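Numbering of the sequence shown is given in this note's numbering, commencing with residue 614 and proceeding in unit increments.
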Amino acid sequence: MSLDIRYKLFNEDKEMRNQLKDAKRKILSSTFSDKEIEGRKFRTFLINILNSEFKNEEFYLFNSDTALIIQVSHPGSAYSELLNVLLAQKKGEIKRCIFITQTHELAVIRHQIRNPDSTNDGNRVHFNLITNKIKDYAEYFFDMPIGILGIGFSNK
Numbered sequence: 614m615s616l617d618i619r620y621k622l623f624n625e626d627k628e629m630r631n632q633l634k635d636a637k638r639k640i641l642s643s644t645f646s647d648k649e650i651e652g653r654k655f656r657t658f659l660i661n662i663l664n665s666e667f668k669n670e671e672f673y674l675f676n677s678d679t680a681l682i683i684q685v686s687h688p689g690s691a692y693s694e695l696l697n698v699l700l701a702q703k704k705g706e707i708k709r710c711i712f713i714t715q716t717h718e719l720a721v722i723r724h725q726i727r728n729p730d731s732t733n734d735g736n737r738v739h740f741n742l743i744t745n746k747i748k749d750y751a752e753y754f755f756d757m758p759i760g761i762l763g764i765g766f767s768n769k
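The following block contains the structure:
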């Protein structure tokens with residue numbers, strides 16, 4: 614299996630598109646084992662690939678003006694991080710955000726590692742879920758450029 618990445622942009626600007634391409638390139642050029650998709654290992658692996666030398670107390674940064682959210686667990690954590698990022702944008706601390714998550718198919722695979730008989734995603738955040746939520750937010754109050762990457766596997 615090889616990596617497959619889906620993406621969606623909201624309130625995009627040219628810089629957002631370039632940064633999303635850069636994040637996608639970094640992920641696709643990395644290799645990881647099946648063991649690295651378990652639990653927190655997957656999130657840690659992605660943080661190590663994408664985290665820069667820039668720091669913020671509330672969230673990771675992709676660069677000095679772009680927040681980096683990596684969520685592959687509970688949706689509530691993802692929504693909480695989105696609020697922190699939106700607040701930072703309103704304060705002028707950042708300009709845009711990259712949100713990285715998993716596809717629904719990968720969420721099911723990751724849930725099955727500890728629950729082999731399960732056929733559901735274990736209430737994990739995934740690309741379709743967060744894309745729909747951010748689409749709703751963008752229609753009413755979320756005006757920050759945000760790019761979403763959903764990481765999964767393809768059978769190619």
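Glycine included, each C-beta is placed from N, C-alpha and C at the ideal position.
Keep in mind the model is a prediction, meaning the values are calculated, not measured.
Tell me the DSSP secondary structure of residue i in three-state form.
{"i": "glycine 689", "result": "helix"}
{"i": "asparagine 733", "result": "coil"}
{"i": "aspartate 626", "result": "coil"}
{"i": "glutamine 725", "result": "helix"}
{"i": "glutamine 715", "result": "strand"}
{"i": "lysine 634", "result": "helix"}
{"i": "phenylalanine 667", "result": "coil"}
{"i": "lysine 704", "result": "coil"}
I'd like the span of the alpha helix (DSSP H) that includes residue i, first residue to last.
{"i": "phenylalanine 740", "result": "740-753"}
Report yes if the CB atom of residue i is closer than 8 angstroms to the CB atom of residue j, and no otherwise.
{"i": "glutamate 671", "j": "asparagine 631", "result": "no"}
{"i": "alanine 691", "j": "glutamine 702", "result": "no"}
{"i": "valine 721", "j": "proline 688", "result": "no"}
{"i": "histidine 717", "j": "glycine 735", "result": "no"}
{"i": "glutamate 651", "j": "isoleucine 726", "result": "yes"}
{"i": "tyrosine 620", "j": "lysine 648", "result": "no"}
Looking only at DSSP bridge pairs, what is residue i linked to?
{"i": "asparagine 676", "result": "Thr679"}
{"i": "leucine 616", "result": "Phe766"}
{"i": "lysine 621", "result": "Ile761"}
{"i": "arginine 709", "result": "Thr679"}
Could you check where the beta strand (DSSP E) with residue i kicks off and where it finishes?
{"i": "phenylalanine 645", "result": "That residue, phenylalanine 645, is in no beta strand (DSSP E); it is neither H nor E in DSSP."}
Quick check: the region 709-723 against the region 753-763, are there 3 or more CB pairs under 8 angstroms? yes
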